[in-house]
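In our numbering, the protein residues as written are 324 to 594. Note that the Cβ used here is the ideal one computed from N, Cα and C, for glycine as well. First up is the structure itself, then whatever we jot down about it.
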């Protein structure tokens with residue numbers, strides 16, 4: 324009976340995407356949030372499951388950090404971040420008494436909450452569920468993949484930055500995906516250059532092309548580069564919709580192209 328109820332809560336979700344990286348600080352939550360916003364602007368209904376239990380930043384990025392989670396017969400009702408109810412969100416950030424409270428839990432308790440997030444959130448009808456994962460390839464990753472396995476997730480989007488240390492960590496994430504049977508949909512190179520707020524010129528303050536080279540070497544799709552943009556940073560800090568407010572930005576173009584490649588890619592068109 325329990326398994327039937329779990330399946331029912333994700334029965335209306337068409338596609339499940341995991342956003343992963345072997346390294347912290349590469350912008351997984353930023354990429355997850357902007358992918359959700361871009362998919363919403365493409366006419367899709369999107370949910371975000373934030374399983375980064377020690378660093379739940381997505382509620383702030385979507386301006387939803389002060390909202391409450393309610394219960395229904397099927398479990399938790401996710402928080403809707405817009406009036407049209409086109410983006411819904413579940414995060415441990417909604418369950419903390421204070422937003423600055425630290426989650427000081429051992430592995431078994433974290434793993435139990437991840438499984439509960441997967442089974443007990445009533446998402447309803449969604450085109451996409453984006454799962455924002457914690458950094459690394461340890462217990463929480465394994466619990467997330469194992470809990471989602473019966474729902475046949477579409478696969479994982481790997482996020483890296485141009486630096487060699489980040490590329491090395493993503494290589495390990497590629498190995499993790501292979502060992503757990505999780506298909507790699509593609510690689511995104513985040514923080515790829517800096518967009519000047521005055522002249523809009525993009526300067527490569529880090530190295531460039533590492534993500535594309537890694538994708539070529541690993542034989543997986545390269546989805547695109549996302550440059551650093553002060554307007555994006557400001558939007559995330561204030562919980563505003565960057566994709567709505569800055570359509571002239573090079574970062575807007577980059578994120579839109581990534582979503583187009585995703586929607587037109589073989590993983591989606593063959594499913």
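Under DSSP, residue 479 takes part in a beta bridge, and its partners are 341 and 507. Excluding its 5 nearest sequence neighbours in each direction, residue 479 has C-beta neighbours in its own chain below 6 angstroms: 341, 343, 500, 505 and 507, listed in chain order. Rounded to whole angstroms, residue 574 and residue 537 show a C-alpha spacing of 22 angstroms.
In this structure, the straight-line span from the alpha carbon of residue 489 to that of residue 350 is close to 11 angstroms. Under DSSP, residue 548 shares a beta bridge with 512.
The Cβ-Cβ distance between residue 403 and residue 397 does not fall below 8 angstroms. Counting the other CB atoms within 10 Å of its CB gives residue 472 a total below 16, which places it among the exposed residues.
Residues 409, 449 and 450 of the same chain have their beta carbon placed closer than 6 angstroms to that of residue 368, with the five preceding and five following residues left out of the count. Remark: three or more beta-carbon pairs, one from each stretch, lie closer than 8 angstroms, so the region 352–362 and the region 379–390 are flagged as touching.
By the CB criterion at 8 angstroms, residue 470 and residue 427 fall outside the cutoff. Across the structure, residue 543 and residue 515 are spaced so that their CA atoms are roughly 19 angstroms apart. In this structure residue 332 is buried. Its beta-carbon is surrounded by 16 or more other beta-carbon atoms within 10 angstroms. Beta-bridge partners assigned by DSSP to residue 356: none are found.
401 is the residue among 407, 430, 401 and 527 whose C-alpha sits nearest the C-alpha of residue 416. Around the beta carbon of residue 567, fewer than 16 other beta carbons sit within 10 angstroms, so the residue counts as exposed.
It is roughly 5 angstroms from the alpha-carbon of residue 510 to the alpha-carbon of residue 545.
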